[in-house]
Amino acid sequence: MPAGDNSDDSKAPLLPINESVESSSSSPFSLKSLISLKSFYVVLGPILCAIVCVFVKFDGPVTSRNMLAVLAWVFSWWLTEAVPMPITSMAPLFLFPLFGISSADSVAHSYMDDVITLVLGSFILVLAVERYNIHRRLALNITSRFCGEPVNPPLLLLGICGTTFFLSMWMHNVACAVMMMPVATGILQRLPTGPTQSTHIRDFCRAVILGVTFATPIGGMSTLTGTGVNLILVAMYKGSYPDAEPIGYNTWFFFGFPLALLIFFAFWAILCLLYLSRGSSQALSAYLDKTHLKRELNLLGPMAFAEKMVLAVFGVLVALWMTRSITEDIPGWGTLFNGRAGDGTVSVLVATFLFVIPNKKRKGEKLMDWNECKKLPWNIILLLGAGFAIADGVQSSGLADELSKTLDFLEEAPYLAIAPAVCLICAIITEFITSNDATATLVLPLLIQMAKTMHVHPLLLMVPGAVGSQFAFILATATPSNIIGFATGHINIPDMVKTGIPLKIAGIVILSLLMPTLGVYVFGLNGGVQ
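What follows is the structure, encoded as structure tokens:
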């Protein structure tokens with residue numbers, strides 16, 4: 297995370313006393329400085345909370361009403377960004393005890409769940425990948441193989457999007473978008489800009505940026521660590537059904553990867569139909585070829601020892617994730633610890649080796665330095681913790697039971713009709729909440745109660761809801777990765793809408809077909825919760 301110029305200077309004073317006194321004397325306090333839209337958003341949360349406490353009445357315990365009031369407070373701050381996201385994410389730590397929902401100690405446990413340690417270990421590996429430019433080397437290698445001679449725009453676009461898809465499988469969406477966008481714009485820098493830019497080239501630029509922007513969340517659906525929504529799904533299911541078989545890394549991959557792969561190829565086809573016409577190859581051949589890509593690759597030089605070791609550690613971690621629990625007949629290495637060692641334990645343990653293995657090129661240094669941990673996205677980690685705390689609060693306070701009473705009419709509804717509707721509703725909500733994690737946190741507890749009302753396995757609704765909350769493909773502000781793509785200047789809102797609507801529809805159709813078929817088989821949903 298960015299820091300100020302003097303943040304690391306031990307001699308810099310924490311408070312510039314002289315400057316503050318001078319500024320305070322020249323700028324007297326004024327009530328007008330407190331009257332602003334930002335100030336209104338800050339007080340909006342407590343106001344909504346008070347309104348709920350005064351006017352909302354439930355038949356159940358008073359804690360259910362209090363929990364709804366806290367949700368109004370927290371989500372109003374999330375939506376308006378009245379205060380920084382990390383501060384809002386820590387609000388349950390003091391609001392839950394204040395309103396009698398749960399103790400501070402029980403809330404704090406949600407902020408250090410096994411899923412949180414899983415994210416921590418994954419982010420440390422991402423920092424190592426960034427430090428040694430492994431992502432750039434991988435991107436150039438794969439892209440150069442798809443370029444074609446002469447230039448084949450659909451194949452080149454497939455290579456760029458496929459690289460993004462693959463990287464996003466193993467790291468957070470935001471980190472992947474931040475890594476791949478410079479690679480994409482670097483390729484586009486070879487193309488002309490301004491008045492001399494032809495329609496074919498302009499459309500290709502749009503396709504590349506949209507490809508990286510949307511391939512990021514699609515790839516993240518494949519694995520548990522690819523996106524926080526999948527982790528929230530696993531944690532909420534485990535918390536609500538502690539006696540049920542948990543969703544393991546391997547289990548989710550067998551469902552998530554085919555799902556993401558089908559959506560990815562549908563997305564690639566949409567981009568080709570909308571932006572790549574017959575004249576694209578001829579227009580690009582004068583500016584873009586394999587020579588340019590190979591030149592950038594040669595500038596990186598041969599792979600160093602540090603890069604090889606980071607890849608080796610990364611490979612070991614993925615192998616351990618995949619083999620902790622394989623099948624019922626082949627239990628995996630997790631049985632050696634009687635199930636007490638989760639994916640989070642493995643992630644932190646393996647990531648720790650990066651701080652132990654020496655860097656041969658720099659004597660006395662390790663592959664990673666502890667100072668690198670300052671760059672960890674603690675705001676995302678706190679957001680995950682808040683999501684788990686809210687999920688527990690909705691259940692323990694009785695709010696989920698009260699809200700589920702309004703869903704009685706769905707008891708006779710067929711699953712084939714309700715699952716696409718759930719996915720569509722979540723896909724719409726996520727466009728207006730700049731966090732897929734927050735959308736999943738809001739919706740999944742309700743889907744658990746809805747499943748009880750319909751007498752179906754909760755995963756039949758939770759999985760469509762979780763995946764649907766990741767279909768944020770229309771608005772630039774829907775997700776941070778969308779903002780990163782929009783900030784390049786190559787795309788605008790109409791481009792995102794034109795591409796996002798058919799992609800959202802394709803995703804809902806594919807998920808609605810796979811969940812009652814492949815999903816039932818992979819998750820073992822023929823019966824109830826075991």
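Add 296 to a position in the sequence shown, counting from 1, and you land on the number used in my numbering. All C-beta atoms in this analysis are idealised placements derived from N, C-alpha and C, irrespective of residue type, glycine included.
**OP:** Starting from the C-beta of Y583, find all residues in its chain whose C-beta is less than 6 Å away, skip the five residues before and the five after it, and write them out in chain order.
**Re:** Looking up residue 583 in the sequence shown gives position 287. Closer than 6 Å at the Cβ level, and outside the excluded window around Y583, lie R486 and L487.
Subject >> Expected contact under 8 Å - CB spacing of A473 and V508 to nearest Å >> reply: As a first step, residue 473 is located in the sequence shown; it is residue number 177 there, counting from the start. As a first step, residue 508 is located in the sequence shown; it is residue number 212 there, counting from the start. The pair is a contact, with the Cβ atoms about 7 Å apart (cut-off 8 Å).
Original post:
Ordered along the chain, which non-local residues of its own chain (more than five positions away) have a Cβ less than 8 Å from that of W369?
Top reply: Reading the sequence shown from its first residue, position 73 is the one you call residue 369. If we look at W369 and ignore the five residues flanking it on each side, its Cβ neighbours are G341, P342, L344, C345, A387 and L391.
Subject >> Sheet register partners of K662 (DSSP bridge) >> reply: Numbered from its first residue, the sequence shown carries residue 662 at position 366. Answer is P654.
Original post:
What three-state label does DSSP hand A494 in the structure shown?
Top reply: Taking the sequence shown and counting its residues from 1, the one referred to as residue 494 is at position 198. The amino acid at residue 494 is misidentified as Ala; the sequence shows Ser. Here S494 sits in coil by DSSP.
Original post:
When you compare only the Cα positions, how much space is there between L529 and N732?
Top reply: Within the sequence shown, the letter at position 233 stands for residue 529. Within the sequence shown, the letter at position 436 stands for residue 732. Cα to Cα, L529 sits roughly 12 Å from N732.
Original post:
Could you give the distance in angstroms between the alpha-carbon of W617 and the alpha-carbon of P627?
Top reply: Here residue 617 refers to the residue found at position 321 when the sequence shown is read from its first residue. Here residue 627 refers to the residue found at position 331 when the sequence shown is read from its first residue. In this model, W617 and P627 are separated by some 13 Å (Cα to Cα).
**OP:** Could you check the C-alpha separation between L660 and D688 for me, to the nearest Å?
**Re:** Start at 1 with the first residue of the sequence shown, and residue 660 comes out as number 364. Start at 1 with the first residue of the sequence shown, and residue 688 comes out as number 392. Correcting the residue type first, residue 660 is Gly in the shown sequence and not Leu. Computed Cα separation, rounded: 46 Å.
**OP:** Specify, as a first and last residue, the run of the alpha helix (DSSP H) that W564 falls within.
**Re:** Locating residue 564 in the sequence shown gives position 268, where the first residue counts as 1. Note, W564: alpha helix (DSSP H), Y545 to Y571.
Original post:
Exposed or buried, which one is L810 when buried takes at least 16 other CB atoms within 10 Å?
Top reply: Stepping through the sequence shown from its first residue, residue 810 is reached at position 514. Buried.
Original post:
Looking at the structure shown, is S319 part of a helix, part of a strand, or coil, going by DSSP?
Top reply: Along the sequence shown, read from residue 1 onward, the residue named residue 319 stands at position 23. Confidence at S319 is low in this model, with a pLDDT of 45, below 50, so its placement is unreliable and the value that follows should be read with caution. It is helical.
Original post:
DSSP three-state call for R486: helix, strand or coil?
Top reply: Stepping through the sequence shown from its first residue, residue 486 is reached at position 190. Correct three-state label for R486: coil.
Original post:
Can you tell me whether DSSP reads A404 as helix, strand or coil?
Top reply: Working through the sequence shown from its first residue, we reach residue 404 at position 108. Reduced to three states, the DSSP call for A404 is helix.
**OP:** Please classify V366: does DSSP put it in a helix, a strand, or coil?
**Re:** On the sequence shown, position 70 is the one that residue 366 refers to. V366: helix per DSSP, three-state reduction.
Original post:
Do you know offhand how far I744's Cα is from G522's?
Top reply: Within the sequence shown, the letter at position 448 stands for residue 744. Within the sequence shown, the letter at position 226 stands for residue 522. One C-alpha to the other measures close to 23 Å.
Original post:
How big is the Cα-Cα spacing for W666 and Y407?
Top reply: In the sequence shown, counting from the first residue as 1, residue 666 sits at position 370. In the sequence shown, counting from the first residue as 1, residue 407 sits at position 111. Answer to the nearest angstrom: the Cα atoms are 22 Å apart.
Subject >> Whole-angstrom distance between L821 and L506, CA atom to CA atom >> reply: Taking the first residue of the sequence shown as position 1, residue 506 is located at position 210. Taking the first residue of the sequence shown as position 1, residue 821 is located at position 525. Each residue's alpha carbon lies about 36 Å from the other.
Original post:
Below 9 Å between beta carbons: does that hold for T512 and N469?
Top reply: Along the sequence shown, read from residue 1 onward, the residue named residue 512 stands at position 216. Along the sequence shown, read from residue 1 onward, the residue named residue 469 stands at position 173. Cβ distance < 9 Å, so T512 and N469 count as in contact.
Original post:
Is the Cβ-Cβ distance between A736 and F767 less than 9 Å?
Top reply: Numbered from its first residue, the sequence shown carries residue 736 at position 440. Numbered from its first residue, the sequence shown carries residue 767 at position 471. Not in contact: A736 and F767 (Cβ atoms no closer than 9 Å).
Original post:
Among L589, E668 and V690, which one has its Cα closest to the Cα of V425?
Top reply: Here residue 425 corresponds to residue number 129 of the sequence shown, with the count starting at 1. Taking only the C-alpha atoms, the option nearest V425 is E668.
**OP:** Whole angstroms is fine: what's the gap from P298's alpha carbon to K670's?
**Re:** Here the question's residue 298 lines up with position 2 in the sequence shown. Here the question's residue 670 lines up with position 374 in the sequence shown. Because P298 sits at a pLDDT of 43, beneath the cut-off of 50, its placement in the model cannot be relied upon, and the point is left open.
Original post:
Would you call the CB atoms of F560 and C457 closer than 9 Å?
Top reply: Taking the sequence shown and counting its residues from 1, one reaches residue 560 at position 264. Taking the sequence shown and counting its residues from 1, one reaches residue 457 at position 161. Going by C-beta atoms, F560 is nearer than 9 Å to C457.
Original post:
Who are the near neighbours of H588 in its chain, counting only those whose CB is closer than 7 Å to its CB and skipping five residues on each side?
Top reply: Along the sequence shown, one-based indexing puts residue 588 at 292. Around H588: R486.
Original post:
Does DSSP put W674 in a helix, in a strand, or in coil?
Top reply: Along the sequence shown, one-based indexing puts residue 674 at 378. In the displayed model, W674 falls within a helix according to three-state DSSP.
**OP:** Would you check if the distance between the CB atom of I770 and the CB atom of V793 is smaller than 9 Å?
**Re:** Against the sequence shown, residue 770 aligns to sequence position 474. Against the sequence shown, residue 793 aligns to sequence position 497. In terms of Cβ geometry, I770 and V793 form a close pair [threshold 9 Å].
Original post:
Is any beta-carbon of chain B found at less than 9 Å from that of G544?
Top reply: Of the chains in the structure shown, none is chain B; there is only one protein chain.
Original post:
Roughly how many angstroms separate the alpha carbons of G796 and A556, rounded to a whole number?
Top reply: Numbered from 1 along the sequence shown, position 500 holds the residue referred to as residue 796. Numbered from 1 along the sequence shown, position 260 holds the residue referred to as residue 556. Per the coordinates, the alpha-carbon of G796 lies some 16 Å from the alpha-carbon of A556.
Subject >> Element boundaries [alpha helix (DSSP H), containing F769] >> reply: For the purposes of this step, residue 769 is taken as the residue at position 473 of the sequence shown. Run containing F769: none; DSSP gives neither H nor E here.
Original post:
Between the region 755-765 and the region 799-816, do at least 3 Cβ pairs fall closer than 8 Å?
Top reply: yes
Original post:
Within 10 angstroms of its Cβ, does V339 collect 16 or more other Cβ (buried), or is it exposed?
Top reply: In the sequence shown, the residue the question calls residue 339 occupies position 43. Classification of V339: exposed, given that the 10 Å Cβ count is below 16.
**OP:** Evaluate contact between the region 436-454 and the region 589-609, counting only Cβ atoms and requiring at least three cross-stretch pairs below 8 Å.
**Re:** yes
Original post:
Between the C-alpha atoms of F782 and N788, what's the straight-line distance to the nearest angstrom?
Top reply: In the sequence shown, the residue the question calls residue 782 occupies position 486. In the sequence shown, the residue the question calls residue 788 occupies position 492. F782 and N788: Cα-Cα distance of roughly 7 Å.
Original post:
Out of P554, L567 and A774, which has the shortest C-alpha to C-alpha gap to L799?
Top reply: In the sequence shown, the residue the question calls residue 799 occupies position 503. Here the closest residue by C-alpha is L567.
Subject >> Contacts around K657, its chain only, beta-carbon distance under 7 Å, and the 5 residues preceding and following it disregarded >> reply: Start at 1 with the first residue of the sequence shown, and residue 657 comes out as number 361. So the list reads A600, F601 and A602, once near-sequence residues are dropped.
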